[in-house]
Amino acid sequence: MRSTSRLFVLLTVLTSLLLSACNDEKNESEEKPEVNKPQEENVVIPALTDEAFFEQVHKKLETAGFEVSEPMEADVELFGAVSGMTLIVNKEALMPLNLYKLSPSDERLSEVDKTGYLEVTTETKHERLAAKRKDHFIIYLHKGHPDYEKVMEVLDEL
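Under mature numbering (1 follows the signal peptide of the UniProt record, and there is no 0), the residues of the sequence shown are numbered -21 to -1, 1 to 137, in order.
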């Protein structure tokens, strides 16, 4: 009786193996659909392409050998700006380069010329940020950025 049940189990296993080996149906995991990757699109932020100055800064930093991210739109409300761009220079995401276009009649532009600082008020505090002026644009890079001096030298040449 014992050998009969072993024989029965053995025959059942062999039969199931033979049936699965002779199966004509293809395994679903073997069939892989063709995936056509779409061409990479250039993401363009309209506010950034309106300003040639933003593009000049980006190109100037790249040609100077800096690793520069794609332009991102900056928080214009913080500086009360018309438009703005943020660039991450040499992978320092916590200290990005910020460029803001202010109105040519903005009084704060003359303040930056005199003091080198721009007054910024957030919801909770009032700060003076070291900034640089080019025409009616404000350039802000935190002084703690490891390449602060080099970046500012390149931007002085604009």
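Glycine included, C-beta positions come from ideal geometry on N, C-alpha and C. Quick caveat: nothing in here was measured; it's all calculated off a predicted structure.
Nonlocal neighbours in the same chain, by C-beta distance under 8 Å from residue i, ignoring five residues either side
{"i": "P125", "result": "N69 and E71"}
{"i": "K113", "result": "F32, L134 and L137"}
{"i": "V91", "result": "L97, A110, K111, R112 and I117"}
Proximal residues to residue i (C-beta, below 7 Å), its chain only, five neighbours per side dropped
{"i": "F(-14)", "result": "none"}
{"i": "S48", "result": "L66 and I67"}
{"i": "V99", "result": "L57, F58, E106 and L108"}
Same chain only: Cβ atoms within 6 Å of residue i, ignoring 5 sequence neighbours per side
{"i": "K111", "result": "I118"}
Strand pairing of residue i, partner residues [DSSP]
{"i": "Y79", "result": "G63 and I117"}
{"i": "K111", "result": "I118"}
{"i": "M51", "result": "T65"}
{"i": "V99", "result": "E106"}
8 Å contact criterion, which residue i and residue j should meet: CB distance rounded
{"i": "L88", "j": "L120", "result": "Not really, about 18 Å apart at Cβ, beyond 8 Å."}
The segment 80 to 95 touching the segment 54 to 61, judged by at least three CB pairs closer than 8 Å: Cβ pair count under 8 Å is three or more, so yes.
Any 3 or more C-beta pairs closer than 8 Å across the segment 126 to 133 and the segment 37 to 47: With the cut-off at 8 Å, the segment 126 to 133 and the segment 37 to 47 touch.
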